[in-house]
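Chains as they are written, first to last, in the working numbering: chain S, 661 to 856; chain Z, 661 to 856. Inspection log for the structure reproduced underneath, given as structure tokens.
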DNA sequence: AGACAGCTTGGCAGTGACTGACAGGTTGGC
DNA sequence: GCCAACCTGTCAGTCACTGCCAAGCTGTCT
């Protein structure tokens, strides 16, 4: 059972990785919108139906690993020592994401550029990020000494949303600078201006 | 020429308003996803083709007036006296949006709930909001005494993105509270926690 | 008044993302 | 070798959305 599961799982992982690879290549060659799912399927050697079974949507071809990164983020923030300020804990979460990424920096830049220059991808990205924010609410509420109600607390939401906003701004600027600027430094600048 | 233009324009406005009305009714009755554009078209008495000419996308049936509100926002922020702090100027912009809305509070709540509970609508909403943010960059840069480069400044981006983040958080909480809470108060709470 | 130009509208056919149903093949447990 | 669980491909269909073309309405010019 376990062996079989892992065998299926392994071949599945390999297939997924290869499909993502060919898809990204096509997207960069001819653009995201101009590339059809049928094209990706035939070039990757799978049927269109299976392609949609692996990735529920076309956007997931680019954003598929976001879910896993979200769990990394929440876990890392929750694991920070209580002495750390809320801001530092959140920042530690995002550095954990950077460390958990299994792409080369060059690849990350390509994907980020693709996301930020394609409307539907950017939308999808923001939606996933919104789910991360909601998952963080109880963690941050506890850290700020707020008892969790059925509706999130405005202060916790504000802090979380602000952190994401600055991370986003830094990421977008990093892409606009062609990856030459230090994204971390941009984030610090943005947040410092906010909290000044 | 002018008369005829305004005549066309007026009948167009009336048609648009009526279409939006029937669309929102359908969306509330049977849900956004479950309602097809063909249904909206036939119930509104226009062809499907014309419906897509009025509203380029299904989401625009709900978010169509966002563009106009964006201009109101940018204009209001730019019109604030220089003595006002950046934060106060941005807040004034959002109160201007509230004042410019031509819907009843009940209607605003319904639309907001629809947007926040429907993934595709929320995505579209965020995308439009992102465009507002970009439009605000030069205005805020000038107000913060930053010379505009070809790439936005991280500090200006951070302040703008944070303001939007807190407005969003407040709006979402306002919807979650069923419109009973004071959205403005929620915004103040969120921003105060951020800048504490 | 009547021809003309500009603009709008509707019908039609097509594309592309996505889904459900069905049939066949593969894998692992007995 | 058999059975059950699972995966895969094919097909047909839905729905948002678009280009194309013909028909209609409006105001203008002669």
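No residue lacks a Cβ here, since even glycine has one placed at the ideal position from N, Cα and C.
For my contact list, residue 821 (chain Z) and residue 829 (chain S) are in at a C-beta cut-off of 8 angstroms; report their separation, rounded to the angstrom. In the second chain, counting from the first residue as 1, residue 821 (chain Z) sits at position 161. In the first chain, counting from the first residue as 1, residue 829 (chain S) sits at position 169. Their Cβ separation, rounded to whole angstroms, is 5 angstroms, which keeps residue 821 (chain Z) and residue 829 (chain S) in contact under 8 angstroms.
When you measure from the CB of residue 672 (chain Z) to every non-hydrogen atom of the ligand GDP, does any distance come out below 6 angstroms? In the structure shown, the ligand GDP is absent, as is every other ligand, since no ligand is present at all.
Grab me the residues of residue 717 (chain S)'s own chain with a C-beta within less than 8 angstroms of its C-beta, minus the 5 sequence neighbours each way, in chain order. On the first chain, residue 717 (chain S) is found 57 positions in, with the first residue counted as 1. 784, listed in sequence order.
Closer than 7 angstroms, CB to CB, is residue 783 (chain Z) near chain S or not? Translated into the one-based positions of the second chain, residue 783 (chain Z) becomes position 123. It does; some Cβ of chain S falls within 7 angstroms.
So which residues on chain Z does residue 815 (chain S) lean against when the C-beta distance must stay under 7 angstroms? Counting from 1 along the first chain, the entry for residue 815 (chain S) is found at position 155. Contacts between residue 815 (chain S) and chain Z, judged by CB atoms closer than 7 angstroms, involve 849, 850 and 853 in chain order.
Assuming residue 850 (chain S) and residue 815 (chain Z) form a contact by the criterion Cβ under 8 angstroms, report the distance between their Cβ atoms to the nearest whole angstrom. What you label residue 850 (chain S) is simply residue 190 of the first chain in a count that begins at 1. What you label residue 815 (chain Z) is simply residue 155 of the second chain in a count that begins at 1. That belief holds up - the Cβ atoms of residue 850 (chain S) and residue 815 (chain Z) are roughly 6 angstroms apart, short of 8 angstroms.
Select from S:809, S:789, S:770 and S:806 the residue whose C-alpha is nearest the C-alpha of residue 836 (chain S). Counted from its first residue, the first chain places residue 836 (chain S) at position 176. Considering only alpha carbons, the answer is S:770.
What's the C-alpha gap between residue 663 (chain Z) and residue 670 (chain Z)? Here residue 663 (chain Z) refers to the residue found at position 3 of the second chain. Here residue 670 (chain Z) refers to the residue found at position 10 of the second chain. Bear in mind that the predicted position of residue 663 (chain Z) carries a pLDDT of just 42, short of 50, making it unreliable; the figure below should be weighed with that in mind. Between the alpha carbons of residue 663 (chain Z) and residue 670 (chain Z) lies a gap of roughly 10 angstroms.
When you compare only the Cα positions, how much space is there between residue 707 (chain Z) and residue 721 (chain Z)? In the second chain, counting from the first residue as 1, residue 707 (chain Z) sits at position 47. In the second chain, counting from the first residue as 1, residue 721 (chain Z) sits at position 61. Those two C-alpha atoms are separated by around 15 angstroms.
Using a Cβ-Cβ cutoff of less than 8 angstroms, which residues in the same chain neighbour residue 746 (chain S) once the five nearest sequence positions on both sides are dropped? Locating residue 746 (chain S) in the first chain gives position 86, where the first residue counts as 1. Answer for residue 746 (chain S): 800, 803, 804 and 819, listed in chain order.
Residue 760 (chain S) versus residue 811 (chain Z) - alpha carbon distance: For the purposes of this step, residue 760 (chain S) is taken as the residue at position 100 of the first chain. For the purposes of this step, residue 811 (chain Z) is taken as the residue at position 151 of the second chain. Pairing residue 760 (chain S) with residue 811 (chain Z), the inter-Cα distance amounts to about 29 angstroms.
Residues that residue 786 (chain Z) contacts on chain S, provided the C-beta gap is smaller than 7 angstroms: Position 126 of the second chain holds residue 786 (chain Z). Neighbours of residue 786 (chain Z) on chain S, chain order: 783 and 786.
How would you list, in chain order, the residues of chain Z whose beta-carbon sits under 8 angstroms from the beta-carbon of residue 798 (chain S)? Your numbering for residue 798 (chain S) matches position 138 in the first chain. Those do not exist, as residue 798 (chain S) stays about 15 angstroms from chain Z at its closest Cβ, beyond 8 angstroms.
For residue 753 (chain Z), which of Z:846, Z:735, Z:856 and Z:794 has the nearest alpha-carbon? Numbered from its first residue, the second chain carries residue 753 (chain Z) at position 93. That would be Z:735, whose Cα lies nearest to the Cα of residue 753 (chain Z).
Chain Z contacts from the stretch 717-736 of chain S (Cβ-Cβ distance under 8 angstroms): Cβ contacts with chain Z come from no residue of the stretch 717-736 of chain S.
For a test of the three-state rule: what should DSSP assign to residue 744 (chain S), helix, strand or coil? Counting from 1 along the first chain, the entry for residue 744 (chain S) is found at position 84. Correct three-state label for residue 744 (chain S): coil.
Any beta carbon of chain Z sitting closer than 7 angstroms to that of residue 753 (chain S)? By 1-based counting over the first chain, the position of residue 753 (chain S) is 93. No - not a single Cβ of chain Z is within 7 angstroms of the one on residue 753 (chain S).
State the DSSP-derived secondary structure class of residue 839 (chain S), mapped to helix, strand or coil. Residue 839 (chain S) sits at position 179 when you count from the first residue of the first chain. Three-state DSSP puts residue 839 (chain S) in coil, outside helix and strand.
Closer than 8 angstroms at the beta carbon, the chain Z residues around residue 825 (chain S): Translated into the one-based positions of the first chain, residue 825 (chain S) becomes position 165. When 8 angstroms is used as the limit between beta carbons, residue 825 (chain S) is near these residues of chain Z: 818, 821, 822, 824 and 825, in chain order.
Cut-off 6 angstroms between Cβ atoms - residues of its own chain near residue 679 (chain S), not counting five sequence neighbours on either side: As a first step, residue 679 (chain S) must be located in the first chain, where it is residue number 19. Hits under 6 angstroms: 704.
Which ranges would you report for the alpha helix (DSSP H) in the stretch 779-833 of chain Z if only whole runs of at least 4 residues count? 779-803, all fully within the stretch 779-833 of chain Z.
Span of the alpha helix (DSSP H) around residue 776 (chain Z): As a first step, residue 776 (chain Z) is located in the second chain; it is residue number 116 there, counting from the start. For residue 776 (chain Z), the enclosing alpha helix (DSSP H) stretches over residues 765-777.
CB-CB under 8 angstroms to residue 824 (chain S), same chain, minus the five flanking residues each way: which ones, in chain order? Along the first chain, one-based indexing puts residue 824 (chain S) at 164. Only 789, 792 and 793 meet the Cβ criterion.
Only counting the same chain, and skipping five residues up and downstream in sequence, which positions put a Cβ closer than 8 angstroms to that of residue 724 (chain S)? Taking the first chain and counting its residues from 1, one reaches residue 724 (chain S) at position 64. Annotation for residue 724 (chain S): 676, 680 and 715 place their beta carbon closer than 8 angstroms to its own, counting only its chain and skipping 5 residues before and after.
Strictly below 9 angstroms CB to CB, what residues from chain Z border residue 812 (chain S)? For this step, residue 812 (chain S) is matched to residue 152 along the first chain. Within chain Z, the residues near residue 812 (chain S) are 829, 832, 833 and 836.
C-alpha distance - residue 751 (chain Z) paired with residue 685 (chain S), whole-angstrom precision: Your numbering for residue 751 (chain Z) matches position 91 in the second chain. Your numbering for residue 685 (chain S) matches position 25 in the first chain. Between the alpha carbons of residue 751 (chain Z) and residue 685 (chain S) lies a gap of roughly 44 angstroms.
Going by beta-carbon coordinates alone, are residue 700 (chain Z) and residue 683 (chain Z) separated by less than 7 angstroms? Counting from 1 along the second chain, the entry for residue 700 (chain Z) is found at position 40. Counting from 1 along the second chain, the entry for residue 683 (chain Z) is found at position 23. Cβ atoms of residue 700 (chain Z) and residue 683 (chain Z): closer than 7 angstroms.
Would residue 744 (chain S) pass as an interface residue toward chain Z - the criterion being a Cβ-Cβ separation below 7 angstroms? Position 84 of the first chain, counted from the start, is the residue given in the question as residue 744 (chain S). No, its Cβ sits nowhere closer than 7 angstroms to a Cβ of chain Z.
Between which two residues does the alpha helix (DSSP H) holding residue 703 (chain Z) run? Position 43 of the second chain, counted from the start, is the residue given in the question as residue 703 (chain Z). The continuous alpha helix (DSSP H) containing residue 703 (chain Z) extends over residues 697-704.
Can you pull out the residues from the stretch 680-693 of chain Z whose beta carbon lies closer than 7 angstroms to at least one beta carbon of chain S? So the list is empty, because no residue satisfies the distance condition.
Grab me the residues of residue 855 (chain S)'s own chain with a C-beta within less than 6 angstroms of its C-beta, minus the 5 sequence neighbours each way, in chain order. By one-based count along the first chain, residue 855 (chain S) stands at place 195. For residue 855 (chain S), same chain residues with a beta-carbon under 6 angstroms away, outside a window of 5 residues either side, do not exist.
Which residue wins for smallest C-alpha separation from residue 852 (chain S), given the options S:826, S:831 and S:797? Working through the first chain from its first residue, we reach residue 852 (chain S) at position 192. Measuring from the Cα of residue 852 (chain S), the nearest candidate turns out to be S:826.
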